[in-house]
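Just so you know, the protein sequences line up as chains A and B, in that order. Numbered according to the working numbering, the first sequence spans residues 1207 to 1680. Numbered according to the working numbering, the second sequence spans residues 212 to 320. Virtual Cβ for every residue (Gly too), placed ideally from N, Cα, C. The structure presented is a predicted model; accordingly, all values stated were derived computationally and were not measured.
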Amino acid sequence: MSAIEYIVGLSGLVASALFIYGLKDMSSPTTAVRGIVAAGWGMVCVVAVCFLEIFNVSEEARPHLPVNIGLAVLALLLGGWWAGRKGRTVAMTAMPQMVALFNAMGGGAAAAVAAVAFLKHESSVPLPLGVTALGGLIGCMSFSGSIIAWAKLDGRMNKPLRFSGQQAFNALVFAATLLLAGLTVCSQLEPAPVDGPFAVLFFIGALAFGICMTVPIGGADMPVVISLYNAFTGLAVGLDGYVMSNPALMVAGMIVGSAGTLLTVLMAKAMNRSLSNVLFSNFGATSTQAKGPEGEMKSVGPDDAATSMRYASSVIIIPGYGLAVAQAQQKLYEFVKQLQAAGVDVKFAIHPVAGRMPGHMNVLLAEAGVPYDMIYDMEDINDSFASTDVALIIGANDVVNPSARTDKTSPIYGMPILNADQARQVYVIKRGQGTGYSGVENPLFFLKNTAMVYGDAQAVLSKMVETLKGLGSN
Amino acid sequence: MITSMTFIIALYIFVLAGFTGYIVISRVPSILHTPLMSGSNFIHGIVVVGALSVLFSATNIAEQVIGFFGVLLGAGNVMGGYVVTDRMLAMFRPSAKPAATSDEKKAQS
């Protein structure tokens, strides 16, 4: 081993340690910034040291070195500049599609590394070749799948594409891709490794499968899907690490792979669905249940609702993605500050699937200035609703639907929900009488202690703020 | 013998790193799940190092083109992942101290 190999290897070790330390620090909002900065230094270190490898390239690559270095610097600057600019300007509501796009880039890079490993005949024994093929397959799926997820979240592809026999078709594409992977591996085996068309076809097949797998999945399930592809990219990077004998890639990739898998499972659990159900069933298409709940919906004006909250002693607010769609987070926090000034105990309750990716709602509230110690997870707050005066629901629907607890015929039966119906009074700010994402009627709206406040969240909250100003803060 | 040992060591790394990821992440509160996801997204951007090695030792046009795109995409992954994670984490603030908040309220009313 040369000195350069030692230095490169050790830099990878430093980076791996800093990544783990950084992720650990991200477990608390007080240390999280320190955590990402540490991980960032790890990355700077490993990328900078990687440039030492230019003194260690093979004899045949030496004449190409000046061009290669130029290309590397150009690619680093171009990719870094573009993504940095995007990342700095993206709106917080658009974060899920941004993360999907960055994830696609990682998957594409992993697939590119695997592709070159085939091209260079890095190996001619079955095991590393198989691992290379697996890394390429997963990287390609993550690349094309994440791009579809990005298009869906960004509103460029609004309807899930479904046709009859789709699952059989997808299975066929997958089988064909696996066959091509097998042929690619075989064609590169000793004693006579050859470049055939198999590798190219295999990569095309893997890309196609990523697309086929993602197009039928509906927008509401995208959080689970991005999370899954994040784990996929991690796995592909880890496998590339094995192929390139680079332990830093193996460690970092595998950590992301397992962390992403855990997050995916948590998300699926919060939606009360198994992962295979998300991936292989067409949710929403099947729920044709027509039976609506009995009773009348009552509606009140924003001023009455605001006054009643002003004189309540405790209020729990349940924001949903509708709040962010109406761009009303700032107004909401203004209203909350008025309530707090009047001595009302205000808390936010967040359902795990609120927003378009795990924890998205928390980010949107944080952006509006809401301190994180006012925000509670479902498990922490669900027992408090029974002793709370008012539950205010804004832009949320399915996550407070009590039929998830009681009605076995409901498509969302068994999904954990926020117990808003147990509060003494429930106000629901809602644009109209429509149903939620799942298309299910919500009996909560018909309860005796529920009153609807119809209107755009932004307009309603503005009126509420005005009302409280009229009442005076003390 | 050496190759089979290398393979076993690789398996050790995979399994232990997998457990590490699982344990470290299972402690993160759901409030931070979005930054966590973009943060782990940033970490798998280390693939840019693999792409750089590939590009440095490229010997023909095909390898150079694929390597170039690998580095381009990897660099985007790293930079973008870092910037958005940092931006989001910087927004998480605790409540101001009670004295400060009441001052703020007086100023507002």
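Item                                                                                                                            : Value
Neighbour flag for Ala219(B) against chain A, beta carbons, 9 Å                                                                 : Going by the sequence as given, residue 219(B) is Ile instead of Ala. Cβ-Cβ to chain A under 9 Å: no for Ile219(B).
Complete alpha helix (DSSP H) runs within the segment 1234-1266 of chain A (minimum length 4 residues, chain order)             : 1238-1256
Ala1297(A), enclosing alpha helix (DSSP H) - first and last residue                                                             : Run containing Ala1297(A): none; DSSP gives neither H nor E here.
Cβ pair count under 8 Å reaching 3, the segment 1608-1624 of chain A against the segment 1562-1578 of chain A                   : no
Contact set between the segment 1454-1478 of chain A and chain B, restricted to residues whose Cβ is under 9 Å from the partner : Ala1454, Leu1455, Met1456, Val1457, Ala1458, Gly1459, Met1460, Ile1461, Val1462, Gly1463, Ser1464, Ala1465, Gly1466, Thr1467, Leu1468, Leu1469, Leu1472, Met1473 and Ala1476
Local conformation of Ser1593(A) per DSSP, three classes                                                                        : helix
Below-9 Å beta-carbon distance, Ser1393(A) vs any chain B residue                                                               : no
Chain-ordered residues of the segment 1280-1292 of chain A with a beta carbon less than 7 Å from chain B                        : Ala1281, Leu1282, Leu1284, Gly1285, Gly1286, Trp1288, Ala1289, Gly1290 and Lys1292
Residue range of the beta strand (DSSP E) that includes Pro1366(A)                                                              : From DSSP, Pro1366(A) is part of no beta strand (DSSP E); its letter is neither H nor E.
Thr1439(A) and His244(B) closer than 9 Å at C-beta                                                                              : no
Proximal residues, the segment 1544-1573 of chain A versus chain B, C-beta separation under 7 Å                                 : Ala1547, Pro1558, Met1563, Pro1564, Gly1565, His1566, Asn1568, Val1569, Ala1572 and Glu1573
Neighbour list for Asn1436(A) in chain B, Cβ cutoff strictly below 7 Å                                                          : Met248, Ser251 and Asn252
For Gln1372(A), the residue or residues it bridges with in DSSP                                                                 : Gln1372(A) pairs with nothing; no bridge assigned.
Start and end residues, beta strand (DSSP E) containing Ala1657(A)                                                              : Thr1656 to Tyr1660
Stretch-stretch touch, CB-based, cutoff 8 Å, three pairs: the segment 1450-1468 of chain A with the segment 235-254 of chain B  : yes
Chain A within 9 Å of Val216(B), Cβ atoms only                                                                                  : In the sequence as displayed, the identity of residue 216(B) is Met instead of Val. For Met216(B), the answer is no, since every Cβ of chain A falls outside 9 Å of its Cβ.
Nonlocal neighbours in the same chain, by C-beta distance under 7 Å from Leu1529(A), ignoring five residues either side         : Gln1535, Leu1538, Ile1600, Gly1601 and Ala1663
Assigned secondary structure, Pro1508(A) (DSSP; H/G/I helix, E/B strand, else coil)                                             : helix
Where the alpha helix (DSSP H) containing Gln1533(A) begins and where it ends                                                   : Where Gln1533(A) is concerned, there is no enclosing alpha helix (DSSP H), given that its DSSP letter is neither H nor E.
Closer than 9 Å to chain B by CB, Tyr1660(A)                                                                                    : no
Local conformation of Ala1491(A) per DSSP, three classes                                                                        : Because the pLDDT at Ala1491(A) is just 43, under 50, the model does not fix this residue reliably, and the point stays unresolved.
Rounded C-alpha distance that separates Ala1315(A) from Ala1560(A)                                                              : 31 Å
Contact list for the segment 289-302 of chain B against chain A, Cβ threshold 8 Å                                               : Val289, Met290, Gly291, Gly292, Tyr293, Val294, Val295, Thr296, Asp297, Arg298, Met299, Leu300, Ala301 and Met302
Simplified DSSP assignment, three categories, for Lys317(B)                                                                     : Below a pLDDT of 50, predicted positions are generally treated as unreliable, and Lys317(B), at 42, falls in that range; the measurement from the model is reported next regardless. It is helical.
Other residues of its chain near Val1457(A): CB distance less than 7 Å, five sequence neighbours each side excluded             : Ser1222
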